[in-house]
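Q: Before anything else, here's the structure in question.
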Amino acid sequence: MKNIDVPLTHQYLNELRSILHGEIDQSEAAQAVYATDNSIYQWRPQGIIYPKNIEDLQLILKLANTTQYRQIVLTPRGGGTGTNGQSLTNGVVVDLSRHMNQILHIDPIAQTAWVQAGVVKDQLNAALKAHGLFFAPELSTSNRATIGGMINTDASGQGSCRYGKTHHHVLALTTVLNNGEVLASEPIAVAQFDAAIADKSPLQQQIYRQVLDMVSQHQDLIQANFPNLNRSLTGYDLPASYDGQQLNINNLLCGSEGTLGFIATAKLNLLKIPQHRALINIGYAQFQDALNDAKALMQLAPLSIETVDSKVLNLAKQDMVWQNVAPYFPENTEQPVQGINLVEIDADSIEALQHLQQQFLAHLANDPSVKRLSMTVAHGAEQIKHVYAMRKRAVGLLGNVAGERRPQPFVEDTAVPPEHLAAYIAEFRALLDGHGLDYGMFGHVDAGVLHVRPLLDMKLPESAQIVQQVSDQIVELTHKYGGVIWGEHGKGLRSGYAEVFFGAAYPLIQKVKGLFDPHNQLNPGKIATPDTQPDARLIGVIEVPLRGDADRQIKVTEWNEFANTMHCNGNGACFNYDLDDPMCPSYKVTRNRIHSPKGRATLIKEWLRREHLGEHKAEFDHEVYDALHGCLSCKSCAGQCPVKVDIPDSKARFLARYHQRHRRSMRDYLVSHLEQFMPKLVSISGLYNLMQKMPLVKVLQRNLFKMVDIPLFHPQAKQDLAKYGATLLDHDLKDLSNAVDRQQAAVILVQDAFTRYFDTGVLIETLQFIQAIGVKVYILPYLANAKPLHVHGFLAEFEQKRAENSRLLEQAAASGLPLIGLDPAMTLVYRQEYKSNYNDVAPNFEVQVQLLQEWLSEYLAHLPATHNAMQPTATYYLAGHCTERTQATASTAQWQQIFQHFGLELQSLALGCCGMSGTYGHESEHRELSAKIYQQSWQQQRAEYADRLLVTGYSCRSQIKRLDNATAKHPVQILAERVQ
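The sequence shown: position 804 = 804 (full-length UniProt numbering), numbered continuously.
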């Protein structure tokens, strides 16, 4: 491991800053965030560089290659989802994902694409879909894995037996070498070798000639020492670099993890999207049966076979993903499913697919060798996508187990010849059982790849030794079966075992490293040491700092208080590039990893660690505050993160402590208490609205309170709701249960500040609709929900309001009537924040306040079918609130059922966040970001669907009004029209 000269590194970065087009970040926050990936490690860099273009990469490497800076260490980074510390360093990280993420050219005729290294795989495939093409290597992290990262780890995944690994689809590369030169590489015919390299620099010619000499002269040694596997060694692939006819230096670079150069752009081979596909889902009584069955199924040549054990399956049942996949995995009451196989088949025609499917089903029906408990088939891209979404979340789901022992990646992508997999896994399990370890398993059985993550509490010092012992034993076991320990996810900080697997060919690998990186500056200590540096050594599996080393320095009570945020495992689901997905809108618009849930979780952990050790610094306080201040508190992370990391909750806890040391703004007090002022302000709503329209008032609010676009009271805000047939309740609800007319269906409506005062028309039409379908409405006295208090960290006052409101809600619930709320963000507070612990006393709040559609879908199921007789007359499009979509995942289907009941069609739209989220969009420093978030996803679809767009969230409707000067309706308004 190379020693880092910290002052020299700072000097290098300062000199580079003056000539770089991109940015350099040496903040403590950035260093903390880039210290982790999806591994067990936490290795702090000295700074992060964000190059804008290939010229920046040249400047970075050329300066580092000068005699003065040859101790500088540089490591490239893409999506940062590596499981083995591939992109971690104590030197300088070069993040190519922030700026170098453009698709440069697509040639649909030649079926090729040129892309920059930071392009995300799903981003590329989304652009290719219109041409009927796709980039083949399939990964579970495809919505955040960059092409550069895939190339650097020679990534592969599902379907690799058909499609191979990434290097099989790389046609050409543009790589910046250690001296700043740009190497343009593609396969070279040996017969034209001299002519092909004639225009290259002396250094590049030297590399080509020596590599050709090496691979041509040592073929026997190479063939004898490189395993012949579908998932063979990643990087420095000497067997694949030379076939006697061609020299393909790209196969040395693919999988080299940035140890040979910085890949800037790539020309990729594209394939036609399979026309017809089906997924056969099989449940087994034993996990071993799933493995054994896979052997026979492979003889039928499926596209892929994915295996998942019961631990992953049972965790999926607790996740939002289960809503879409439950029908494919029916419950067996007599015997639980212990393993599943997902067998994908494809064909060029429906007839051929049906024939192939019949072959598989006939085999399953006639083969008694294993016990199968269930069998279903998913047809079409959408259905198959739902099932694979569960499989793709497997790694993250394993991280959501209860307790402090969590799945740890260190022997989690071993590969052996598929015919040995079942026997190998039996020994693997026995080994882990011998250590008393629990674990979950899933993998690509067709390729012989197994994903295993033993459960360890890395805060315990002895866990590091278990990592070392198990790693040593699995290396021995894997080698025994002719396999490798890194079949899919690269080597990284497991590189200390390289000599075991390269054997006598390892000196050749060292020679390759020496040709490209003679001073050992590029991601040193990984894969190979250069032959030019005899004292250099590879890094051992536990020789760098571990996450657990830092985690154990956090006070136990605080670790427990911040809950799942502490268990962020770096799986990177929050890096999802898709703008039509609600996950973390603030990260999508800034593309700053600090602003992702993973980044924020990392900063909170580091802040707590420093607090406990007495290393508090005001500057770091402010860096953490700035990272969290950009959070919209939309709670999409809490729903979509497989580990359920809840940044809004942790943000509230942080702010409560932060403001014990640092003054609050006057705006915080005004905004957080506005709910409580509204009943009084509404009496002067006309004057209030008039003042809000005055230019001088707007300027004063922007300058004094940093608030913009303040909402106005609705013209009907002062209306007495009793005029609309509802019964207004008072605060004394003791006799409510006796007063209720049991002869008529009834509900209690829980008011929220937004629809009561700013969007009163929606509330009134809700009352009218509910009564029109024969249900009496009681209205609970207005109560300040206290969500704004929570968002801004006024936790003591939140506790007070929660206690007051809880008593009222409990009295109302005692009547036996359903309680319903209208605004999703406000209503869901009652089932989340109201049940969380903020004062060392666990709340005993069990009242269920339902969303309107939750109650309505259940109620309508018991109504006569007269409404169903209506013929569909219109199609509407649903834009759900992001909190609702991620926290109450059945809501979309419920709205669709309701509309169908009334003879209306409702289609769901894939949308990101609207960018408003309560007061976020009204805060002047967020005004521009709020608008950009809206433009990324909502604006185009709002324009396309216009008055057919139905919006459930008040904040979303107000954003449409503000930015598009258009009025969006709530779904209930259409229903109210329907029943008039």
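Just so you know, even glycine gets a beta-carbon here, dropped at the ideal spot from N, CA and C.
Using a Cβ cut-off of 7 Å (strictly closer), state whether residue 294 contacts chain D.
A: In the structure shown, chain D does not exist; there is a single protein chain.
Q: Between the Cα of residue 14 and those of 578, 92, 814, spot the shortest distance and give me the residue it belongs to.
A: Residue numbering aside, residue 14 sits at position 14 when the sequence shown is read from its first letter. Per the Cα distances, 92.
Q: Which residues mark the beginning and the end of the beta strand (DSSP E) in which residue 969 is found?
A: Walking along the sequence shown from the start, residue 969 turns up at place 969. Unbroken run through residue 969: none, as it is neither H nor E.
Q: Quick check on residue 347: does DSSP put it in helix, strand or coil?
A: As a first step, residue 347 must be located in the sequence shown, where it is residue number 347. Residue 347 falls in the strand class under three-state DSSP.
Q: Which word fits residue 439, buried or exposed, when buried means at least 16 other C-beta atoms lie within 10 angstroms of its C-beta?
A: As a working mapping, residue 439 is identified with position 439 in the sequence shown. That one is buried.
Q: Does the pairing of the region 455-464 with the region 165-178 give three or more beta-carbon distances under 8 Å?
A: Result no; under three Cβ-Cβ pairs closer than 8 Å.
Q: Residue range of the alpha helix (DSSP H) that residue 404 falls in?
A: Translated into the one-based positions of the sequence shown, residue 404 becomes position 404. Run containing residue 404: none; DSSP gives neither H nor E here.
Q: CA-CA distance, residue 135 and residue 124?
A: To locate residue 135, count along the sequence shown from 1; it is residue 135. To locate residue 124, count along the sequence shown from 1; it is residue 124. If I take the Cα positions, the gap works out to 7 Å.
Q: Give every residue of the same chain whose Cβ lies closer than 8 Å to the Cβ of residue 939, excluding the five residues on either side of it in the sequence, and list them in chain order.
A: By 1-based counting over the sequence shown, the position of residue 939 is 939. 963, 964.
Q: In this structure, does DSSP put residue 694 in helix, strand or coil?
A: To locate residue 694, count along the sequence shown from 1; it is residue 694. Residue 694 falls in the coil class under three-state DSSP.
Q: What three-state label does DSSP hand residue 902 in the structure shown?
A: If you number the sequence shown from 1, residue 902 lands on position 902. Coil at residue 902, not helix or strand.
Q: Could you tell me the alpha carbon to alpha carbon distance between residue 745 and residue 818, rounded to whole angstroms?
A: Indexing the sequence shown from 1 puts residue 745 at position 745. Indexing the sequence shown from 1 puts residue 818 at position 818. One C-alpha to the other measures close to 10 Å.
Q: Rounded to whole angstroms, what's the CA-CA distance from residue 531 to residue 504? Just pull it up for me.
A: As a first step, residue 531 is located in the sequence shown; it is residue number 531 there, counting from the start. As a first step, residue 504 is located in the sequence shown; it is residue number 504 there, counting from the start. Roughly 14 Å separates the two Cα atoms.
Q: Using a 10 Å radius around the Cβ and a threshold of 16 neighbouring Cβ atoms, would you call residue 850 buried or exposed?
A: As a working mapping, residue 850 is identified with position 850 in the sequence shown. Classification of residue 850: buried, given that the 10 Å Cβ count is 16 or more.
Q: Applying the criterion that 16 or more other CB atoms from any shown protein chain within 10 Å of the CB defines a buried residue, is residue 677 buried or exposed?
A: Position 677 of the sequence shown, counting from 1, holds the residue named residue 677. Answer is exposed; the Cβ neighbour count stays below 16.
Q: For residue 776, which of helix, strand or coil comes out of DSSP?
A: Counting from 1 along the sequence shown, the entry for residue 776 is found at position 776. Strand at residue 776.
Q: In this structure, how does DSSP classify residue 877 when only helix, strand and coil are distinguished?
A: Locating residue 877 in the sequence shown gives position 877, counting from the first residue. Residue 877: strand per DSSP, three-state reduction.
Q: Going by CA-CA distance only, name the one from 479, 492, 512, 518 that's closest to residue 500.
A: Here residue 500 is taken as the residue at index 500 of the sequence shown, counted from 1. Of the listed residues, the one whose Cα sits closest to residue 500 is 479.
Q: Cα separation between residue 246 and residue 522?
A: Position 246 of the sequence shown holds residue 246. Position 522 of the sequence shown holds residue 522. So the alpha carbons of these two residues sit roughly 27 Å apart.
Q: Between the Cα of residue 908 and those of 880, 914, 900, spot the shortest distance and give me the residue it belongs to.
A: Counting from one through the sequence shown, the residue named residue 908 turns up at place 908. For the residues 880, 914, 900, the minimum Cα distance to residue 908 belongs to 880.
Q: Could you spell out where the alpha helix (DSSP H) holding residue 380 opens and where it closes?
A: Against the sequence shown, residue 380 aligns to sequence position 380. That run of the alpha helix (DSSP H) goes 380-392.
Q: Can you tell me whether residue 202 is buried or exposed, with buried defined as 16 or more other CB within 10 angstroms of its CB?
A: Looking up residue 202 in the sequence shown gives position 202. By the 10 Å Cβ count, residue 202 comes out exposed.
Q: By how many angstroms is the C-alpha of residue 593 removed from the C-alpha of residue 30?
A: Taking the first residue of the sequence shown as 1, we reach residue 30 at position 30. Taking the first residue of the sequence shown as 1, we reach residue 593 at position 593. Whole-angstrom Cα-Cα distance: 8 Å.
Q: On a CA-only basis, which of 159, 259, 450 is nearest residue 287? Give me that one, please.
A: Along the sequence shown, one-based indexing puts residue 287 at 287. When each option's Cα is compared against that of residue 287, the closest is 450.
Q: Check whether the Cβ atoms of residue 906 and residue 878 lie closer than 7 Å to each other.
A: By one-based count along the sequence shown, residue 906 stands at place 906. By one-based count along the sequence shown, residue 878 stands at place 878. Yes, they are a contact pair.
Q: Quick one: Cα of residue 331 to Cα of residue 307, how far?
A: For the purposes of this step, residue 331 is taken as residue 331 along the sequence shown, with counting starting at 1. For the purposes of this step, residue 307 is taken as residue 307 along the sequence shown, with counting starting at 1. Cα-Cα distance, rounded: 18 Å.
Q: Return helix, strand or coil for residue 218, following the three-state DSSP convention.
A: For the purposes of this step, residue 218 is taken as the residue at position 218 of the sequence shown. DSSP places residue 218 in coil when its eight states are reduced to three.
Q: Apart from the five residues just before and just after residue 751, which ones in its own chain have a Cβ nearer than 6 Å to its Cβ?
A: As a first step, residue 751 is located in the sequence shown; it is residue number 751 there, counting from the start. Contacts found: 782.
Q: Report the residue ranges of all beta strand (DSSP E) runs contained in full by the region 690-759; include only those spanning at least 3 residues, in chain order.
A: Segments of the beta strand (DSSP E) lying fully in the region 690-759: 746-750.
Q: Taking its Cβ as the centre, do 16 or more other Cβ atoms sit within 10 Å of residue 666, making it buried, or is it exposed?
A: Numbered from 1 along the sequence shown, position 666 holds the residue referred to as residue 666. By the 10 Å Cβ count, residue 666 comes out exposed.
Q: I'd like the span of the alpha helix (DSSP H) that includes residue 559, first residue to last.
A: Numbered from 1 along the sequence shown, position 559 holds the residue referred to as residue 559. Counting along the chain, the alpha helix (DSSP H) containing residue 559 begins and ends at 556-561.
Q: Cα separation between residue 847 and residue 889?
A: Translated into the one-based positions of the sequence shown, residue 847 becomes position 847. Translated into the one-based positions of the sequence shown, residue 889 becomes position 889. C-alpha separation (whole angstroms): 20 Å.
Q: Is residue 598 buried or exposed, if buried means 16 or more other CB atoms sit within 10 Å of its CB?
A: Your numbering for residue 598 matches position 598 in the sequence shown. So residue 598 counts as buried.
Q: So residue 31 is in the alpha helix (DSSP H); what residue range does that whole segment cover?
A: Numbered from its first residue, the sequence shown carries residue 31 at position 31. Unbroken alpha helix (DSSP H) run through residue 31: 28-33.
Q: Residue 267 lies in the beta strand (DSSP E); which residues open and close that run?
A: Translated into positions along the sequence shown, residue 267 becomes position 267. 262-269 is the extent of the beta strand (DSSP E) around residue 267.
Q: Residue 937 and residue 911 - do their beta-carbons sit closer together than 7 Å?
A: For the purposes of this step, residue 911 is taken as the residue at position 911 of the sequence shown. For the purposes of this step, residue 937 is taken as the residue at position 937 of the sequence shown. Against a cut-off of 7 Å, the Cβ pair of residue 937 and residue 911 comes out as a contact.
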